[in-house]
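Numbering (UniProt numbering), first residue to last: 1 to 633.
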C-alpha cells in the first residue's frame, strides 16, 4: 500500500505546526520586551529533564511557549517549545497527537527542514526540543532580489517534496514559517518567533479551515480537504510575497477580506517576477490538478534560477531593517552565554554555531581545491570537477617518478555519531586525521555547523609518493577557506535536465520501493544535496541505494548491457563490492569545462545476503522504475 494523505490526525501536523510557528497569537512585539506569560510554571534558568537550561522566553501562543535554551549535555543552543497542556489537564488528545507528529517530523532528515531532536516530559509538562537556526523569516526579510528568491525556492521545494514523500502535509506554508540564514540557506519548519500581525492569524481546528489567509489555496478556503497541491499553492504564494511584498490575494489587515478573495479565486498576477513568472503562475493555478508537484516545482525553479537575467543579479542585498534584525537575532545565543557565566558553569562559552556550508546544493567543492598547493611535490596537476557525485571535486597529481594521486574533496552531511579519534582544532574548525592505509590517506574537516568535508589522497598509479603529505596539503587549503566563513558558491548551475536538480529519494515511490523486501520506506538516509538516498530493510541485512555519479566513459566494464525504460544501462553483480548488485543507468551526456565528453549516471545498488541472481533481479526492477522517472532531456 502506498503512502496516503489521510485527513486523520498526525499526518497533517496541525497541532505541531501550531505550537511550532506561533503566529499572530504572540505577545512579542518589535521594539519592545513584552512577552506572554508561561503561566508561572517555568522560569529563566530552570533545568528541564536535567539537561536543557532555559535562558530566554522568545514568545508564546494559545497552545505553546517558545524558549531559547542550552543543551548542557552537548553544549549547544536549542529551541524548546513548551506545550501548554499537561497530563493532568484535558489535553490528552493533543498530547497524543503531539507525540505522533513529533515522530513523523523526526523522520524528515532533510537539510532544508528544521531538525526535531526530542520530545520530553518533565513534571507533567511536554517540551519539543528542536534545532536552533540563526536567521530571519522571509516575512522579516521583506521583498528580495529574484536570484535570492529562486535560490530559496529551490530549497523549499526540495523540503516540501520530502515532506510529501513521507505522506505528510504541511498545510500552513507562509513567509513567517520559512527561516533563511545570512547565506540564503532556507529551512522549512519550526524556527522561533513570528510577528504579531493580525493578517497573519492562523485559523485552527476550531474553525472550518486550516491555514493562513493570503497563503491558503482557494480549494481549501472553499471547504475542500488540503492535499499536496494545496501545499504547492502555499509555497507559490510565499515566493510571490518574497518578490512582490504581499500575498497574491493582496495586502489587507482583515483576514476575512483575504478569505473572501481566496474563495473567489481573486489572484493577482506577479508584476516583478521576471524569469520566475512561469513557475509561479503554474504553482498558483486555481485548479489543483493543474499545479506541478513539489518536485516538479523544484525542477522549474532550478531552471529559472539558471536564467541569465537572474545570474547577473547580486545574491545578497541587505537593508537597514535586515541589519537591525540580524542584531536582534543573536540575542538568544548571547542570553544563553550570559546565563552560563552567571550560573558559574564550567562551560563558560557557548556561541551560536557559525554557518559555513549554507545551501548544500550551491556550495562548490572545487573552490576548496587549489592546484598550486601541490607545487612542492613537482609534477602536473589537473582539476576534475566532473568525477563522482556532485558534492565532489578531484585534483589529479601526476608525479615526476610516474606515480599518480587522485586527491578527492567531498562535501558531506553531518554525521549522526561523534568523531572517533583525536580531533585537532584550528579556530572553530576541527580536523580528524585517519590512520594511513596502503593506497590512501584520509582526513575529515569538521565544520562548526556540523557538516563535514572529506579529503582523501588515493593512489591512482604506482610510484613513489607520500599520500598523507598530499592529503595534509589539500586539507590545509580546505581549513583555510572554511575558516573565512561561508563556503564559496557555484558561479553557475548545471542545466535543468541535469541530475544535479533531482532528488534521489523522489525517484522511487512506495510501489517501486515495495520491490525491496521489508523496506523501511518512510525512513530513508538522505545523502548530501539529496543526490543520494539509502533505504534499509526490517527483514534482511543490507540496503537499497540510489545515488548519482559522473564518469568520462560508460561501456561493458560497467556490467552487462540491458536497456531500461529507454535508457542505456549496465547490470554488474558485485559491482559495488562483495554481496552487491549495481545497475548503472545512463541519464545524459554533456561537455565538461575541459571540453571533454562525460556522462551523468544514476546508480541503483542492492546489498545483502540474497543469491546473486536474485539481488540483480531486484536491482534491475528498481532501476527500471528509477530510469522511468529521470528528467526528460
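Glycine included, every Cβ here is placed at the ideal spot set by N, Cα and C.
Check	Outcome
With DSSP collapsed to three states, give me the class of residue 486.	coil
Here's the rule I'm using: 16 or more other beta-carbon atoms within 10 Å means buried, otherwise exposed. How should residue 339 be labelled?	With a pLDDT of 34 at residue 339, under the threshold of 50, the predicted position of this residue should be treated as unreliable, and no value is reported.
Which residue from 623, 215, 611 and 437 puts its Cα closest to that of residue 603?	623
Using a Cβ distance threshold of 8 angstroms, determine whether the region 398 to 405 contacts the region 464 to 472, with at least three qualifying pairs required.	yes
DSSP on residue 629, reduced to helix/strand/coil?	coil
Under a three-way DSSP split, which group does residue 403 fall into?	coil
Are there three or more Cβ pairs, one per stretch, closer than 8 angstroms when the region 474 to 486 is compared with the region 572 to 590?	no
Which whole runs of the beta strand (DSSP E) in the region 242 to 266 are 3 residues long or more, in chain order?	none
Between residue 608 and residue 542, what straight-line distance do the alpha-carbon atoms span, to the nearest angstrom?	4 angstroms
Can you grab the Cα-Cα spacing for the pair residue 549 / residue 557, in whole Å?	15 angstroms
Can you tell me whether residue 381 is helix, strand or coil according to DSSP?	strand
With DSSP collapsed to three states, give me the class of residue 597.	strand
Please report the Cβ distance between residue 298 and residue 496, rounded to the nearest whole angstrom; I am assuming they are in contact, meaning their Cβ atoms lie under 8 angstroms.	About 10 angstroms separates the two Cβ atoms, so there is no contact after all.
For a test of the three-state rule: what should DSSP assign to residue 117, helix, strand or coil?	strand
Where does residue 300 fall in DSSP's three states?	helix
Going along the chain, which residues of its own chain have a beta-carbon closer than 8 angstroms to the beta-carbon of residue 446, five neighbours each way excluded?	419, 423, 429, 430, 431, 432 and 452
Which residue comes first and which comes last in the alpha helix (DSSP H) that contains residue 508?	Note, residue 508: premise wrong, no alpha helix (DSSP H); not H, not E.
With residue 234 and residue 222 assumed to form a contact (beta carbons below 8 angstroms), what rounded beta-carbon distance in angstroms separates them?	Actually they are not in contact, since the Cβ atoms of residue 234 and residue 222 sit about 15 angstroms apart, beyond 8 angstroms.
For residue 629, which residues of its own chain have a beta-carbon under 7 angstroms away from its beta-carbon, when the five flanking residues on both sides are left out?	507
Taking the alpha-carbon of residue 440 as reference, which of 264, 289, 456 and 512 has the nearest alpha-carbon?	456
Hey, quick one: how far does the beta strand (DSSP E) through residue 283 stretch, first residue to last?	Residue 283 -> not in any beta strand (DSSP E); alpha helix (DSSP H) instead, spanning 277 to 283.
Pair every Cβ in the region 283 to 301 with every Cβ in the region 125 to 135, then say whether three or more of these pairs are closer than 8 angstroms.	no
Any idea if residue 530 is buried or exposed, counting beta-carbon neighbours within 10 angstroms, 16 or more meaning buried?	buried
Quick check: is the beta carbon of residue 464 nearer than 7 angstroms to any beta carbon in chain C?	You won't find chain C in this structure, because it holds only one protein chain.
Go to residue 423, then tell me how far its beta strand (DSSP E) extends in each direction, as first and last residue.	423 to 426
What do you reckon, are the CB atoms on residue 411 and residue 471 nearer than 7 angstroms?	no
Let me make sure I understand the geometry here. Which of 243, 468 and 256 has the alpha-carbon closest to that of residue 268?	243
When DSSP labels each residue in this structure, what does residue 75 get in the three-state scheme?	coil
Around the Cβ of residue 553, are there at least 16 other Cβ atoms within 10 angstroms (buried) or fewer (exposed)?	exposed
Can residue 146 and residue 64 be called in contact, C-beta distance under 7 angstroms?	no
Considering just the uninterrupted stretch of the alpha helix (DSSP H) at residue 562, what are its terminal residues?	Taken as a continuous stretch (DSSP letters only), residue 562 belongs to no alpha helix (DSSP H), as it is neither H nor E.
Contact defined as beta carbons within less than 8 angstroms: I believe residue 184 pairs with residue 359. What is the distance between those atoms, to the nearest angstrom?	6 angstroms
Please report the distance separating the alpha-carbon of residue 427 from that of residue 437.	28 angstroms
Between residue 421 and residue 458, what straight-line distance do the alpha-carbon atoms span, to the nearest angstrom?	21 angstroms
Return the Cβ separation of residue 175 and residue 115 in integer angstroms, given the expectation that the two are a contact with Cβ distance under 8 angstroms.	With a Cβ gap of about 21 angstroms, residue 175 and residue 115 do not count as contacting.
Would you call residue 620 buried or exposed, if buried means 16 or more other Cβ atoms sit within 10 Å of its Cβ?	buried
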